[in-house]
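Q:
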Amino acid sequence: MDKMDASKQTFVVLAVQEYTQLKNKYDVHLKNIMEEERRRRRILMSSVLRSTQKLIAKTGTVGETATTPTSESNVAAESIDIYLDSDMNMFKDPQKNTPFPGPLYQKEADPTTYYLNEDLTVMINMVEDEELNTKLESCKENNDTAPSTSPSLEPVTANESFSKEQTLFLIDIMRQHIERKGKGLPKSLEELIARLKSTRGTKKDLWKDAANKLTIHFMLSFSPERVARKWNTLVDAFKKIKDNHKTTGKGPVRFQFYSEMEALLGGKFDVATPVGSTSPSASPVQIIASESFSKDQTLFLIDFVRQHIESKGERLPKSLEELNALLKSQRGTKKDLWKDAADKLVSHFMQSFCPDKVARKWYTLVEAYKKVKDNNKTTGKGPIRFQFYSEMEALLVEKDDVVIPADGTSDATSPVQENDGLNKDQTLFLIDLMRQRIESKGERPPKSLEELNALLKSPRGTKKDLWRDAADKLASNFMLPFCPVKVARKWYTLIDAYKKIKESNKTRGKGTIRFQFYSEMDALFGEQHELKFPAVGTSVGVEVCRPEALEDSRSISPKTLPTSVSSPPCKRQKVDCELMQFLQDSEEASQRRHEETLAQLRSAQQGFEALMTKLLDKL
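Going by UniProt numbering, the first residue of the sequence shown is number 1, and it counts up by one from there.
1. Is it buried or exposed for residue 263, if we count other Cβ within 10 angstroms and need 16 for buried?
2. Hey, could you find the ends of the alpha helix (DSSP H) residue 13 is sitting in?
3. What's the C-alpha gap between residue 178 and residue 195?
4. Can you find the residues in the same chain that come closer than 8 Å, C-beta to C-beta, to residue 458, ignoring five residues on each side of it along the sequence?
5. In the DSSP assignment, find the unbroken alpha helix (DSSP H) run with residue 126 in it and report its ends.
6. Expressed to the nearest angstrom, what Euclidean distance is found between the alpha-carbon atoms of residue 34 and residue 27?
7. In terms of residues, what are the limits of the alpha helix (DSSP H) holding residue 365?
8. Here's a check: name, in chain order, each residue in its chain whose Cβ is nearer than 8 Å to the Cβ of residue 354, leaving out the five neighbours to either side.
9. Please classify residue 298 as buried or exposed, where buried requires at least 16 neighbouring CB atoms within 10 angstroms.
10. With distances taken Cα to Cα, identify the nearest neighbour of residue 484 among 310, 599, 387, 32.
11. Within this structure, are the beta carbons of residue 445 and residue 455 separated by less than 7 Å?
12. Is it true that the CB of residue 127 sits closer than 7 Å to the CB of residue 172?
13. Determine the direct distance from the alpha carbon of residue 517 to that of residue 240, and round the result to whole angstroms.
14. For the beta strand (DSSP E) that residue 344 lies in, which residues bound it at each end?
15. Where residue 32 and residue 255 are concerned, what is the direct C-alpha to C-alpha distance, given to the nearest angstrom?
16. For residue 293, which residues of its own chain have a beta-carbon under 6 Å away from its beta-carbon, when the five flanking residues on both sides are left out?
17. When burial is assigned at 16 or more other CB atoms within 10 Å of the CB, is residue 37 buried or exposed?
18. Look at the alpha carbon of residue 244 and the alpha carbon of residue 210, and state the distance between them as a whole number of angstroms.
19. Residue 106 by DSSP, collapsed to three states: which one?
20. Tell me the DSSP secondary structure of residue 303 in three-state form.
21. Which residue or residues does DSSP assign as beta-bridge partners of residue 261?
22. Give the DSSP-derived three-state secondary structure of residue 615 in the structure shown.
23. DSSP state of residue 603, grouped into three classes?
24. For residue 98, tell me which candidate among 602, 121, 89 has the shortest Cα-Cα distance.
25. Considering Cα atoms alone, identify which of 41, 502, 182, 371 is closest to residue 449.
26. Taking the alpha-carbon of residue 242 as reference, which of 101, 188, 322, 18 has the nearest alpha-carbon?
27. Since residue 115 sits in a beta bridge, which residues does DSSP pair it with?
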């Protein structure tokens, strides 16, 4: 009977309010028990991890002052999950496939909280194995975050140096810090160091911020002191190399991050010219290029500048000063230009380009091109090795100079450097287009270069439509792409070469300098085929300023020569024969070029007809 009474359960009827109070007390008591159990588990876990050297205790008050993993007010801004099995082995994923070798960090005063980095700013949520049935509450409170999305971690090696990617990331952090101040790039190392300091004159916050960004990005431990040491090492190495260049004049010392450090300063792309070497056979000088822009991005930027010049309808500039003036807006600045260039680079390459970065790259290219040109003038060497020299050169029309011997001993032996943009047939076709343009206006042939230039302009005073029309005709005739700027550049090259040859003939009294298209250019003017033969004996030579001179020369004979000519008949007859032979050769060459042009036109027409026939057959 007593046993039956003992087995009976007793039920007490309570009011709802009393029941709620008792339940709350029970929940609090149960929670305290769980917290104490969790704390004991954490202490035991810390002891095990320390014994395996996977946990490092830190003394002092470094980083955050969190005391419990569930204290939201003290939890670090970033937290990462680490998963434990029954043997206290750590893993990066909940499936426990990828081990995490550690180490982790912990305050000696708080054995229940774990951190990823030595600065104690990135907290670790330690998730125990389900078989132990002691999952941490921090994991329950954050169960809305899928474990599969936890960032992957890399093992940390004690005293590990910076890798290449980490060093580049650090340099980029410094660049972003400078750009945020909006004062442009520094011009010297002293200015760079001053710009990195805070308003209080220290860099403590900078190193702490850089360490946090490196830790989050690479999921490794980076202390502010370690970051500061690495940066100072980079600055010292860069400074020694710069000093070595100034004192010895040698090329760049092998330093992996020289170009990236150089890019932080306004004066990058330095051209290192060997000291005391003036021999043309000396090895070319290497320009140190910045890797901030790729080759395709740099070519895109140069082409953008070319299009900007072309859009203004002006001729190509003849100097860097004129180029700089063309790039400015009506307000005298280039702010809108760099902004537009950055937008187009972003839309084309799907990468981030700020206007300051674009402007910096352009000034780098201009500075490098200027130094190469100056080096060529002073030392007489060929072009320094500069990857974008030809593209920058193409923006100006000051090329294809006529080379005239300085010693004055050679007669008609100085070649003109040709533009490789257009071949011989294409150049002749372009000259013929200019001739047709002049004839279409119904005016007499021009007498000078200034008159020729005026005839080629449109009623609005520009040649933009002329170059576009010439490019279209060249493209349709040769089945190749021709841009208007390329056509204009070639034409100005021909004009400059012809002008220099004419001036050389007047000042030196020499024969025609070797220029492949001299006769075709000369034929565009009214006073064409001006021939001057040197005096022979007492003869003053013969001048023929009109094509009619050929007919006149045929009617000349020793019997009809004026009596005032004092030269012997044999001398005059020899000169007449040379004149007739020259004019005959010139006429044959002109006819041959005309036939070649017609043959090319017929070939292009046949190719076009065949292409259209195939297209119609497919339709």
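Don't be surprised by glycine CBs; every beta carbon is placed ideally from N, CA and C.
Small disclaimer: the values here were computed from a predicted structure and weren't measured.
A: In this structure, then:
1. Residue 263 sits buried, since 16 or more C-beta atoms from the chains shown fall within 10 Å of its C-beta.
2. Where residue 13 is concerned, there is no enclosing alpha helix (DSSP H), because DSSP gives it neither an H nor an E.
3. 7 Å
4. 464, 465, 466
5. Unbroken run through residue 126 is the beta strand (DSSP E), 122-127; no alpha helix (DSSP H).
6. Computed Cα separation, rounded: 10 Å.
7. 355-379
8. 179, 342
9. buried
10. The alpha carbon of residue 484 has as its nearest neighbour, out of 310, 599, 387, 32, the alpha carbon of 310.
11. no
12. no
13. Computed Cα separation, rounded: 54 Å.
14. No beta strand (DSSP E) contains residue 344, which is instead part of the alpha helix (DSSP H) from 335-349.
15. Distance between the alpha carbons of residue 32 and residue 255 is about 60 Å.
16. 361
17. exposed
18. 30 Å
19. strand
20. helix
21. Per DSSP, none; premise fails for residue 261.
22. helix
23. helix
24. 89
25. 502
26. Answer by Cα proximity: 188.
27. 105, 123
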